[in-house]
Structures are given as structure tokens and as C-alpha cells.
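Worksheet: the structure to be examined is printed underneath.
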Amino acid sequence: MSKVSWSRWMFFMMLIFVLALAACGDGDTAEEESPEESDTATEEESTDESEDATEEESTEESTEESEDATEEESTEESEDATEESDDEGAEESTDADEESESAESEPRVTDFEPAFPEQTRAPEVETEAELDVEVVVEGLGVSWGMEEFDTDRILVTQRDSAELLIVDLEDGSVSDPIEGTPEVNNEDQGGLLDVTIAPDFDESRLVFLTFSEDIEGGTVTSVGKGALSEDEASLEDFEVIFQATPAYDGTLHYGGRIIFDEEDNLFLTTGERSDDPIRERAQDLDAYLGKVIHITQDGEPVDSNPFIEDEDALDGIYSYGHRNIQGVDFHPGTGDLWIVEFGPQAGDELNIIEPGNNYGWPTVSYGIEYTGELVNEGISEHEEQGFVEPRYYWDPTSAPSGMSFYDNDAIPEWENDLFIGGLAPNYIVRVVIEDDTIVGEERLLTEEGERFRDILVTEDGALIAATDGGLIYQITAEGEGTEEDDE
Ligand SMILES: [Ca+2]
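Here the sequence shown stands for residues -22 to -1, 1 to 465, where the numbers follow mature numbering (1 follows the signal peptide of the UniProt record, and there is no 0).
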């Protein structure tokens, strides 16, 4: 061995030694720092983006920007987390394995333990049927609510312009705005919200709308009704039948979904108006904020409501302790009323609604504040504190919006599954339920990059999804929609 090659050999040996030292150091640091790191990341994400980002869309631009930021950061986080857990040995890699089976691949935002194993991160499932995904309409605004009132023809609300439109799913045509709709406050999350039709629509022609309304003292979530004229050009004799008081000087968390029950009464969902301390009113029975409300078609409390005998409580209240309920539907198998409510940072909840129950917000939550601070004192357990446990929660957020059970057999494997629009992350969530337990989760249309605002299942079994970007998607089993063209 020559002198030159000997010194080269020594040099490489030294290099390897130094690198090995550096690697050990990294490993230790990573292990110690990982909790802190994730806290910091959480705080960073939340402070600026939080409210603007995931949920509160003050302006379209800032929303898009901050969502992108959130996505980028969380992708980086998850890569870091994966690397760390590779280095860290047995305990961590078990966690990683568990997570890889779930539809959720991003790391948790919180350290909370679920009350039961199936309460979060259900195993990933995959639709076997080949699907046709078609954009039927484009160029609309934020389409907040939809209702099929005639075969393949749907009423669609435009949140910001407060227009009510008729969309024909067969030819993609869009009507002129229907006259006679209410004045709304369309700042931030406000505007024309949900739409449904009376069970006797064929005779009464009654259309029910929810919207955010300016009244003395601020804004409220309101319900009104009017009759669709025979020529479908106007809503006649529109009148407000219910206002979810008290008014509040804010423009966030209106809730606003409505659905008819089998007795032809309405369930209305509200929000707790977001800010601290007004949000505390979700726990109060003398306020309609953060509630499920049960009213007749004239806006009167339903006789059987749980607090009708309680002199200190509002008679329309059906359940309470909710944050911002953005989706509602009846389970086709059990007949139970399910809702999805938007959590703070993580902690979005799927709940089964029973009369008189308290769902815990803002006393308990599986999420944390957008600032990264704990909610209340950071109590996640609901049942131990006397509240109803959510059937399921998301951590990190699925940013849930409108939802619909698949009450149809056109795609047999979807029967009785629940579909929920995701705003940020942008996808449709499919939830598989057995005996009120979530046993599977799937994310659909993840590549579209659209914020999915509402979901509708047509009589024919098409899954319709409306987006904030002005699109309406129609999803069918392959061949269903275009059978004649194909053969
Ligand atoms: Ca809760």
C-alpha cells in the first residue's frame, strides 16, 4: 500500500467515523424532540391559517393560500414523522403500522386517546366497482345546499350571491335565478345556505331555505319557506318561520342544515357563532346556538321536544353542546338522525342525535384550539364528564361539510354508507357503518383539488357532489349513466 492510498484510507475511515457519530446524534435528537416539534408545527399552522384556512373563508384567495400552506406543512410533518418512527424502534413502528391501515395517513394533531378503539382512524376500505365521475355543471359559485325535487333536477343554493337555481343533471342546464328568495348577510360563512322541499311538495310546492339574516343586534340562522311557482321562476309568499336567536355580531358558524323527519317536522342545525365567549352558549338551554332544533313547518316547537316542560329552556331545542353542524341525514337502516360537526383543530365529530342529549362542546373536545392551546382544560373524554361520546372523530381534520347516506342499491357495496364532503383536505369521505360503529373509511376524488360542500344521492342512485369552485359532480357505477352510448 502506497503512502497516498494509505492516507486516503485513513481519510475515509475518519469520514465514516464522523458520519456515524453524526447519525447517532441525529437519532437521539429526533427522539427527544419529536413531541416538541409537532407542537410547534401545530402552533405555526394554526395561528395564521387556522380560522381563515380550514374553515372560515374570509376571502377565497386567503383560503386557498392557507390551505395550500396547511397541506404542504402537514406533508412535511408526516414525512418527518415516518423517518423518526423508522429510527425509533418497536413501540413507534407499531403506531406507524396501525396508521398505515387507516384511510388517514397524516399524523395526529393531538395526544388524546379515543374512548373506544373504533372512534377514530377506521381501517381504509376501497370501492370495488368502477366509477364514472362526470362534471355535469361548472361555473357556479359556492353551492352550499342541494335537493332533488323532480327526477334528475335539483334545486341548488348559491351561498354568496344568495341565488336559488335549478340544475338539470341530464343535460347540465342551469336556470335563471328563482325570484323571491330572501335577503341574506353573505359575509364570511354567511349567505343562502340549505334547501329542502316539503314532503307534500307535489301539492304544496313548498321549498324551505336556511340563510344568515341581519336582525337587530347582529346575525342569526333563519329558516323560511315559499311556494315554487308552476313556471319555476319564483318562490311565492316567502316568509321567515324561525330565527335561531340570540343574534350575534359575527359572521361565522351558522350551522344551517335542514331535513324533514317522518312526521313531516323539520330538524335544523345551528352553530355556536365561533368566538369565545359566545360559543359557551352551546351549553345554555336559553339560546338556540350550537343546537339541533326540532320545529314544525310553521316554525313552532314540536310537542314532543325534550325541554318543553322545562320553563327555563327554549322549547325548540332537541339536543345541545354542538360546535358547527354542517351535515345531517337519517341512517336508512336504523332511522337514527346522524350529524357531522366541524371541530376546532381536529376533533370533527360524527354524532347520533337523541332528544335532550348534551354533546359536550365547548367543555370537552377531541380537538384543540387553532392557536394550539387546549380547549377548556384539554378534556377529551365525553362520557366521563357526563356528555355523549361522538361515534367517530377525525384527527387531523377532515373539514366535514354536507353529508348524505347512500340509500340506494345502484352501487350495492355502498348501500347505507355515509358520504361527507371535505373542504380542506379536499375529498369526499365514505364511511362504512355496522351497528352504529364506524368500521371503514375511504377518501374519494382526492385528485380533483376541489372543496366538496354538499352531497346528495338521487332517486336513481347517483352521488352528486357540489364544490366551492362552482362544479357539480355526478358519480355513478361505470356504464350506469352512459349505457345507451356504450352499447
Ligand atoms: Ca362533542
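Think of the CB as a built atom: it goes at the ideal place given N, C-alpha and C, for glycine as much as any other residue. All figures in this text were calculated on a predicted structure; none of them were measured in a lab.
Asked: Listed in chain order, which residues are found with a beta carbon closer than 6 Å to a heavy atom of ligand 1?; Found: E327, Y337, G338, W339, H360 and P368
Asked: Within a Cβ cutoff of 7 Å, which residues of the same chain sit near D215, ignoring the five residues on either side of it in sequence?; Found: G204 and A205
Asked: Using C-beta distances below 7 Å, list every residue in its chain close to P177, excluding the 5 sequence neighbours before and after it, in chain order.; Found: F238 and D242
Asked: What's the gap between the Cα of E191 and the Cα of S200?; Found: 6 Å
Asked: Check whether the stretch 123 to 139 touches the stretch 168 to 176, counting contact only when three or more Cβ pairs, one atom from each stretch, lie closer than 8 Å.; Found: yes
Asked: With 16 as the cutoff for other CB atoms within 10 Å, does G364 come out buried or exposed?; Found: exposed
Asked: Can you confirm whether the stretch 304 to 319 touches the stretch 278 to 290 when touching is taken to mean that 3 or more C-beta pairs between the two stretches lie within less than 8 Å?; Found: no
Asked: Using a 10 Å radius around the Cβ and a threshold of 16 neighbouring Cβ atoms, would you call A455 buried or exposed?; Found: buried
Asked: Which word fits G249, buried or exposed, when buried means at least 16 other C-beta atoms lie within 10 angstroms of its C-beta?; Found: buried
Asked: Consult DSSP for P390 and reduce its assignment to one of helix, strand or coil.; Found: helix
Asked: Compute the Euclidean distance between the alpha carbons of P403 and R183, then round it to the nearest angstrom.; Found: 37 Å
Asked: Using the rule of at least 16 other Cβ atoms within 10 Å of the residue's Cβ for burial, across every protein chain shown, is S252 buried or exposed?; Found: buried
Asked: Give me, in chain order, the residues of the same chain whose beta-carbon lies closer than 8 Å to that of L401; leave out the 5 immediate sequence neighbours on both sides.; Found: T32, E33, A377, P378, S379, R429, F430, R431 and D446
Asked: Measure the beta-carbon distance from Y344 to D373 and round it to whole angstroms, keeping in mind my assumption that it falls under 8 Å.; Found: 6 Å
Asked: Y370 bridges to which residues according to DSSP?; Found: L328
Asked: Quick check: what's the CA-CA separation for E208 versus D180?; Found: 11 Å
Asked: Go ahead and label residue 525 buried or exposed: buried means 16 or more other beta carbons lie within 10 angstroms of its beta carbon, across all protein chains shown.; Found: Shown here, the chain extends from -22 to 465; a query on residue 525 therefore has no answer.
Asked: Less than 8 Å separating the beta-carbons of A324 and T247?; Found: no
Asked: Determine, using beta carbons only, whether Y337 and S297 come nearer to each other than 8 Å.; Found: yes
Asked: Given that a residue counts as buried once 16 or more other Cβ atoms are within 10 Å of its Cβ, and exposed if not, what is S282?; Found: exposed
Asked: Only counting runs of 4 or more residues, tell me where the alpha helix (DSSP H) segments fall wholly within the stretch 118 to 181, in order along the chain.; Found: none
Asked: Flag this pair as yes or no: are the beta carbons of V435 and N386 separated by less than 8 Å?; Found: yes
Asked: Using a Cβ-Cβ cut-off of 8 Å (strictly less than) and excluding sequence neighbours within five positions of A140, which residues of its own chain qualify?; Found: T159, P160, E161, V162, N164, G169, L170 and F189
Asked: Between P155 and G202, what straight-line distance do the alpha-carbon atoms span, to the nearest angstrom?; Found: 17 Å
Asked: In angstroms, rounded to a whole number, what distance separates the CA positions of Q452 and E362?; Found: 43 Å
Asked: Classify I357 as helix, strand or coil using the three-state DSSP reduction.; Found: coil
Asked: In chain order, what residues of the same chain lie with their CB nearer than 6 Å to the CB of S52, ignoring the 5 residues before and after it?; Found: Interpretation of S52 is limited by its pLDDT of 39, a score under 50 that renders its predicted location unreliable; no figure is taken from the coordinates.
Asked: Based on Cα-Cα distance, which residue from P284, A265, Q261 and D264 lies nearest to H272?; Found: P284
Asked: Confirm, please, whether the CB-CB distance from G196 to G234 is below 8 Å.; Found: no
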